[in-house]
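One structure is given below, encoded as structure tokens.
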Amino acid sequence: MSPSKTHESIKSMIGCLVEVWCLEKGIEFSTLGSWTLQNKAQRRGAEPDECYVFGEVAEPKAPHLAIEVVWTSGGIDKLNVYRKLGVPEIWYWSRGKIQAYELQGEKCEPMPESTMLPGIDLRELARFVDLPTTSRALRECRDAIGR
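For the sequence shown, this note's numbering assigns the number 147 to the last residue and increments by one with no breaks.
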């Protein structure tokens, strides 16, 4: 099934907000969109809604951050796939909230804050997603960072 307009709007908005935050904080990043991640040996694969690599990495094996917009139930099951693919941090947006998960050994654990982007306020980021336009959300995000 094709993603809905609302799903695409939310995932793009979160991505734009991450990018503005990184630009304002001077964090180097590469956006990799819906990069199809595969581990053929373990027969695992996933395609995040958005994903990022931070810093200058020539040939990343996996993104540093994967973002998922959960529109139906059951999305958390993907955490095990991301864990096996070596993705260190995953954000799930669901019902207006963003929950960060971090790869810790053999588990992906919920975290109150991002470890990949220390200082980013996930509650505030989720609030910006609800604004009527992307441009307004980005301006308000940029203004909030400057405070």
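Note that beta-carbon positions come from the ideal geometry of N, C-alpha and C, so glycine has one too.
Self-check item: Alpha-carbon to alpha-carbon, LYS107 and ALA46
Solution: Position 46 of the sequence shown, counted from the first residue, corresponds to residue 46. Position 107 of the sequence shown, counted from the first residue, corresponds to residue 107. The straight-line gap from Cα to Cα measures roughly 17 Å.
### Message
For a test of the three-state rule: what should DSSP assign to PHE107, helix, strand or coil?
### Response
By one-based count along the sequence shown, residue 107 stands at place 107. One detail in the question is off: residue 107 reads as Lys in this sequence, not Phe. Strand at LYS107.
So if DSSP puts ASP87 in a beta bridge, which residue, or which two residues, is it bridged to? Mapped onto the sequence shown, residue 87 falls at position 87. Correcting the residue identity first, residue 87 is Val in this sequence and not Asp. Bridge partners of VAL87: none, in fact.
May I have the straight-line CA-CA distance separating LYS97 from GLU124, to the nearest angstrom? For this step, residue 97 is matched to residue 97 along the sequence shown. For this step, residue 124 is matched to residue 124 along the sequence shown. Approximately 9 Å between the Cα atoms of the pair.
Given a threshold of 16 other Cβ atoms within 10 Å of its Cβ, counted over all protein chains shown, does TYR83 qualify as buried or as exposed? Numbered from its first residue, the sequence shown carries residue 83 at position 83. Residue identity check: residue 83 is Arg in the sequence provided, not Tyr. That one is buried.
*asked:* Report the CB separation of GLN10 from TRP93 in whole angstroms; it is logged as a contact under 8 Å.
replied: One-based indexing of the sequence shown puts residue 10 at position 10. One-based indexing of the sequence shown puts residue 93 at position 93. The sequence given here places Ile at residue 10; Gln does not occur at that position. Confirmed, Cβ separation roughly 6 Å.
Original post:
Going by C-alpha distance, which of ALA58, GLU59, PRO60 and THR31 is nearest ILE67?
Top reply: As a first step, residue 67 is located in the sequence shown; it is residue number 67 there, counting from the start. Ranking the options by Cα distance to ILE67, first place goes to THR31.
THR6 in three-state terms, based on DSSP:
Reading the sequence shown from its first residue, position 6 is the one you call residue 6. Looking at THR6 - three-state DSSP - the assignment turns out to be helix.
Under a Cβ-count criterion, where at least 16 other Cβ atoms within 10 Å of its own Cβ denotes burial, should ASP143 be classed as buried or exposed?
Counting from one through the sequence shown, the residue named residue 143 turns up at place 143. ASP143 comes out exposed.
GLU50: buried (16+ other C-beta within 10 angstroms of its C-beta) or exposed? As a position in the sequence shown, residue 50 is number 50, starting the count at 1. The residue in question, GLU50, is buried, as its Cβ has 16 or more Cβ neighbours within 10 Å.
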